[in-house]
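Student: Using my numbering, you'd call the opening residue of the sequence shown number 79 and step up by one each time.
Shown below is the structure under consideration.
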Amino acid sequence: MRLYESVFIARQDVSSAQVEAMADEFAGIITSAGGSIKKREYWGLRTLAYRIKKNRKGHYVMFNLETDSDTLKEYERIMGLNEDVLRFMNIRIEEVDEAPSIMMQAKSERPSRGSRDDDRRDDRPNSDDNAEASDDSSEAAEKEEA
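In C-alpha cells:
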C-alpha cells in the first residue's frame, strides 16, 4: 500500500456538518477496502483564487491516507460524481508528516519567507554604474568619429 495526500474543495453553500459527513463517507471508502486514514484536517471555508462553477469560496478538507491504487481510483470516481465537490487532488507522498499542516498553523507559527530586500539584490550592478559606463562608451565613440 502507498501513502497519498488528498485535498478536496466542497461548495460554499454546503454546511460544515455536511462537509464532515462527506469526509466521513470518503474515509469510509478507504477504510472499507483495507486502507487507513493517517491524518485528517478541515481547513475551513476559504476564498478561492478564481471562481469554480460560480463559487467564490469553498470548504477545504485534507486527508493523508494509505491505500492501494484500485481503491484510490474508486475514491476518485466517487468524488467526481459528487455534485458538492468542486475540485480534488490526490498526490503520492513518501511519508506522513505528523505535525499540523501549514494551513492549520497560526500565522505567527509559520516559517518566515524573508524580506524583499535580501542579499540577492546586492549582487546586481547598480543602474547608475550602467549609465556611467554607457556615457564613457558614447564619449569614446565621439572621439573616434572626430
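Note that the Cβ used here is the ideal one computed from N, Cα and C, for glycine as well.
Going by C-alpha to C-alpha distance, which of Gly158, His137, Thr109 and Tyr138 sits closest to Asp146?
Tutor: Of the candidates Gly158, His137, Thr109 and Tyr138, the one whose C-alpha sits nearest the C-alpha of Asp146 is Thr109.
Student: Can you tell which of Leu159, Arg194, Leu150 and Ile156 has its C-alpha closest to the C-alpha of Ile115?
Tutor: Closest by alpha carbon: Leu150.
Student: With 16 as the cutoff for other CB atoms within 10 Å, does Ala106 come out buried or exposed?
Tutor: The sequence shown places Gly at residue 106, rather than the Ala named in the question. Looking at its Cβ environment, which holds fewer than 16 other Cβ atoms inside 10 Å, Gly106 is exposed.
Student: State the start and end residues of the unbroken alpha helix (DSSP H) segment that holds Ala101.
Tutor: Note, Ala101: alpha helix (DSSP H), Ser94 to Ser110.
Student: So if DSSP puts Val163 in a beta bridge, which residue, or which two residues, is it bridged to?
Tutor: Looking at the DSSP assignment, Val163 forms a beta bridge with Ala88.
Student: Give the C-beta separation of Tyr153 and Val139 to the nearest angstrom, bearing in mind that I take them to be a contact with Cβ-Cβ under 8 Å.
Tutor: About 13 Å separates the two Cβ atoms, so there is no contact after all.
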